[in-house]
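Heads up, the sequence shown is in the working numbering, so the first residue is 22 and it goes up one at a time.
Glycine included, every Cβ here is placed at the ideal spot set by N, Cα and C.
A short worksheet on the structure shown next.
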Amino acid sequence: MNHFSLCFSGQPEQGLSRNYTKTEANQGEKLKMLLTCGGNSLDSYARFVVVVNKSRQEQIQYLHFLSKLKLFCVLDFDPNSLTSGGLCNSYRESRVANLHLPVQFQGQIEAVKKNLNLNLQTSWVFCNGRNDLEGDKELEYREWLRKSCKDVEQLVSFICNPDVFLDGRWLIIFLLLSPVSTEKDPIFDTYKSFIKHTDEKNIICICESQATYWKWRELIQEKCDFDIEHLSISELTLSEINGTIMGLGPVTQSCTRLLPSSGSSDVVLKQKDEDLLTALKVLASNECENVFDESSEEFQKFRIKVEEDFYRGAKVSWWNFYFCDKDRVKPFIKREKHENVKQMIRSQKTHSSNACVLLNLFHDPGCGGTTLAMHAMWELRKEFRCAILKDNMLPKTEVANQIQHLMKLESKKPSPVLLLIDESKETETPSHLVNCIRQAAEDLLDFNLEEGQHCKVIVLNCVRSHNPKEQYRQHNQTQNQYITAKLTPQEQREFEKKLKDLQETHEKPENFYSFMLMKNNFDKTYTENLARNTLENFDFSTKVAQLFSFLALLKTYAEKSEIALSLCEDFLQRKMFRWEEDCVLDRMNPYSNFLIIDSVNDWGGYKGIRILHHAIASACLDELERSHNLKVSDIVKEILHCDLFFSAGVVKHRFMLSIQQMLIKRRKRKKDGEEREPFSPLIEKIHSQEGRQTVQEIFESASSRFEKSASIPQALARYLYINVRDFPEALIWAEKAKNIKDNPYTFDTIGQIHKSNLRSNFEREKQEDTHNPEDLHKNIEIAINGWKAFQRAQELSDFENKREEETAGDESEDYPRKWYNVYGHVSMLEISFLIFEILSRLPFFEKDDHLKKHYLRSFLNNSMPINSVHREYTDINNRYVEIIREHELFLIKLRAEVKEKFDFLDSYFAYIKQNSYDRTNHGTVSELFKKYVDLFCATLDERRKEQKVKTNLNLKLDIEERKRFLEMCQADTFSGILQCMDKLTAETEEITQCYAFLLQHTVHERNHSKIKINYIMSNINLYHLNAKSKHVKKYIDLCTLLRDILQDVGLRYPFPDPYFLALLLFWPSPSEENTDIAKYVTAIRQSSHKHLSKLLQKRSTIAYFYLGKGEELKRLVSKPSLDKSFLMTMKRDALAQYWRDGDIFKEKSIRNRLYRVNGIIQQGEVYANYGKQKIPVRPARISGIRCGFSTEKVSFYIGFAINGPLAYDIKYEN
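Put into structure tokens, the structure is as follows:
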């Protein structure tokens, strides 16, 4: 029986009649029942999908209930919905809705959800035209069938996919605001699409009139053989429907939410603004106030339930702090470090000069770290605008944009923000996020102004750690705090007092195990006794016992420790109704006192069940092993054996991720806090108990379950070569990982196996003091294979286009760094020096003999063939020579390769800001370079030669003289010329003359194209300094020269310079279309990424020119010329701030000189419109566009930067 059958008894009538006049007694109650499953709250469904046809203007005022619903998407068949008086337009006045087309829902599910901001903001999908866009008009039915029907069907298929929503957690509402008179109507086809993919009980219909309802019901009865009478509302007016829905719960937050503002004032946090803050859970300054009648029985029941859940082990909520604030006699327990954390936050706000400050709170799992951080935030909510980061998968720049928006919301002066990052991993630091927030905050704040001094963002990073005190000692202690699973005497007294308080208001508080665990000072004996008593009659052959053991394993070894209720029901082979979730706990007796049900917001929202506390779960696993001989490996094997967990489905995917994490996720070492342990704690435990065979069995079984995961075979390969030193078997699994995912990390594992094998062989041979030619042959083969693997890893790393934000969501992988960096180069050096060491042990290359060492150096320098090396003619030596001759090409190239690596790494370490991995690599490279000097630089002269770079140009004197002048003026590079616009006219004229001379006299030089490019750029500079100079070439001549250059270099020139010139000279005017310009935009993006990616990484670029209103060179407006009028009254720092915050575009003098371009935003990309041509541009500021891939008309100014055109001052038409 489905849940609607519980609401309405009796069978729907099979016959229909136009004269049917029977009316239902209470359609208002029926509407509530349909939307709430018999309750009084809209929370019964995680999301609603609304399908709506054309509306009339007078209906809009009665459709505000849509803003009350948690809408996943709206399928709108009204092409005028976005115009004034339309439904979409009205909805967007109070809520955020991203404007989409059905075709945007095609592709990989997770990518679509991420790109379109699904589940975070409403998606408004125009299913039959959008009249405000050119070329997207409403289609007649026959044409719609041909052109749009398939896309809508795929959209419906996407919505109904079990990986998008759990079954029963969503409801489809067909909202008919106008009649559907025939089956030849797109909305009827859409209904038929839905019933192909989901049960009819998941669809309800709300009709604006009975006439509309009767025709709709008749169509469905006739064409679909189903009566919708029990799933329809037709007798209520829209006004009655609106009032009924608006009166439904949930009522868990204040009607008017407030934020603190300047001067001890408050501002209203509008729902629409909160919709925009998709990454943040905002804490209002009046959180929890004016929600209930606090004298009512309802409030008292709610309070008891919330407190009971928390003290049993649920996550703390703002209500817990609110209740204790209201009852000062029974305050919330504060850990001793509570005031320290608050003081640390206030101190950084007052004294730090940084716009964004990172504070860390290190804590043992389950010791109250998150509760302490949230309690501190609660007490500071009237001093800061407070928020919790709830979506760490968003790009860091987008999070920074939202923080910036929160700072300036509804007030002239920005307000300070306190951001809590909860459940941070000790293997990660949010430094990149902090840098992005700092840049966004600095864009907003002018630190020359007094009010900017104390207005900043404080990031409180709550870090789970297995050695919090040690991590605290390793960091700046003024910006860090720690708490451990050990109470002070004063804290113990507070817990004793709280127990007495709970005994007055709650039944059996001694069963609040999380609270009692802390009250007993995390005493291991307490949890051991609990586990022993509860698991006395444990029987692993039963489903209930198996499920409990799975939960204990998850809570002990996985970060996401819950299992979805629906998955538990399937495993227990008993399906329950949503509103009877306690049935699962009842079924789990006698273990239910250890369990709690949580709400999980991921994947559209669902309920999950978990063990109350990490310490309880760990004690249960110990008890199962001690008293029931059940090891953790047995539980893992049972999970991997169960087919149910590995079939398709949202919650199963989440559970599968948790299983993977247990097997591969590694902790940081306790000693140094930098490097990680070689294996996950679970694998370490199994290895210590049962050794290789069991570990390998589990990894092999997991590999067959997670066929697309490279990390499982990769982890097994690492286990085999590190712990077992079985290099051949390790190589088999590493190759398997590489075949699954061809990336730097899988190739690196192959290389590490070869390197470890080589080092192991070398150490063994040195210890045994053996000389076997076949060992040399084998070792060189290993070295060659290792070198190739590391070389391929480095190549893949160097050409990877994906940035950190795009790969951050791959939780199943165990990659040690966000990107591979230079690790491959370092490893190639290590292999090379292992080979040098192995060669130096040969009888005729012994390093302790000066002459023999000279032979080795000469051979590696390719100045002495191996046949010329003096040696004793023994069988062993002759075989050594044969082997070396076989690999001679590899060996004699090594020295040059090594020198090239050293030169590259020397530049790398000189220019980059080093992280911990770079410091480790730098130390390794420094030690290897000492060996290089010792081997290859035998004399003082040779050593000096290695440390100097000599160049001999041998050019004619006049050419050399001009080149020296350009170098002296810093005008010998394209970037240098770009910066010459501030120079005097005379100097710029001389620069231009030099390039004109070089252009004429260096025709046959390899870099002649570069000279042409620099000549054009110097001409453009000179024009802007003195347009009448005789040295300025005409625009048409510069264009002709540039076309020749572009013909010569094509579209894959390694430097972006010629394409930058193409943007300046060939950008279309308003009346023309240049079909080539989009190609040059693509070329400059690719070239700048390839050549300047390390330089530009995470940095914004400068526009040297802006698009003006003139023709030819006159339409290029240089930035210095725009600055000139402001510098007479404004300091440069203040002017730079004026540019950063975008306020400069409000100035009339700027608007008069620049040309505003019309454009569009589609799929998150900005385009400039020139007739039918769309030219891609990038937003200049992170706050330029919001996320969600909403298709919007915009206008903006265009600036030209070295990585392409930039859009400034983006304005939305709607």
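- By the Cβ-count criterion, Phe320 is exposed, with fewer than 16 other Cβ atoms from all chains shown falling within 10 Å of its own Cβ.
- Counting only runs that start and end inside the stretch 281-338, the beta strand (DSSP E) elements of at least 3 residues fall at 287-290, 301-304.
- A Cβ-Cβ distance of about 13 Å is found for the pair His634 and Gly390, leaving them out of contact under the 8 Å criterion.
- Distance check between Ile366 and each of Arg349, His396, Pro1141, Ala579 places His396 closest, using alpha-carbon atoms only.
- Residue burial annotation: Leu439 is buried, with at least 16 other C-beta atoms found within 10 angstroms of its C-beta.
- CA-to-CA, the gap between Ala421 and Cys377 works out to about 11 Å.
- If you check the CB distance, Leu586 and Ile630 come in under 8 Å.
- Going by DSSP, His384 is part of the beta strand (DSSP E) stretching over 377-384.
- For Leu538, the closest alpha carbon among the candidates Val565, Leu508, Ala1007, Glu528 is that of Leu508.
- Counted as a single uninterrupted DSSP element, the beta strand (DSSP E) harbouring Leu92 occupies residues 92-97.
- Taken in chain order, the whole beta strand (DSSP E) runs of length 3 or more contained in the stretch 44-123 are 68-73, 92-97, 118-121.
- Secondary structure remark: continuous beta strand (DSSP E) runs of at least 3 residues inside the stretch 184-238, in chain order: 191-197, 224-228.
- Beta-bridge partners assigned by DSSP to Trp145: Val95, Leu120.
- Thr104 is a Cβ neighbour of Asp153, given a cutoff of 8 Å.
- Taking 8 Å as the upper bound for CB-CB distance, Ala638 and Ile632 are in contact here, some 4 Å apart.
- Three or more Cβ pairs closer than 8 Å define a contact, and the stretch 751-770 falls short of that threshold against the stretch 853-870.
- When secondary structure is reduced to three states using DSSP, Glu1186 falls in the strand class.
- The criterion of a C-beta distance shorter than 8 Å is not satisfied by Pro123 and Tyr162.
- About 7 Å separates the beta carbon of Thr1212 from that of Ile1182, a gap short enough to meet the 8 Å contact definition.
- Shown here for Asp330: same chain residues with a beta carbon closer than 8 Å to its own, the five before and five after excluded, namely Ile617 in chain order.
- When DSSP states are grouped into helix, strand and coil, Cys663 belongs to the coil group.
- Going by C-alpha positions, Glu295 is about 8 Å away from Val303.
- Ranked by how close their Cα comes to the Cα of Phe569, the residues Asn541, Leu645, Asp1003 have Leu645 in first place.
- The Cβ-Cβ distance between Gly1163 and Asp1230 falls below 8 Å.
- If you draw a straight line from the Cα of Ile803 to the Cα of Lys581, it is about 41 Å long.
- Here Pro1226 is buried, its C-beta having at least 16 other C-beta atoms within 10 Å.
- For Asp619, the three-state secondary structure derived from DSSP is strand.
- Remark: C-beta atoms of Phe313 and Trp399 do not approach each other more closely than 8 Å.
- Assigned with DSSP and collapsed to three states, Phe1217 falls in strand.
- If you draw a straight line from the Cα of Arg916 to the Cα of Asp1058, it is about 50 Å long.
- The secondary-structure analysis by DSSP pairs Leu481 across a beta bridge with Leu380, Leu441.
- For Asn800, the three-state secondary structure derived from DSSP is helix.
- For Ile632, the uninterrupted beta strand (DSSP E) run begins and ends at 627-632, by DSSP.
- Taking C-alpha positions only, Glu921 is separated from Phe854 by approximately 14 Å.
- Taken through DSSP and simplified to helix, strand or coil, Val350 comes out as coil.
- Listed in chain order, the non-local C-beta contacts of Gln78 below 7 Å within the same chain comprise Gly106, local neighbours out to five positions each way being set aside.
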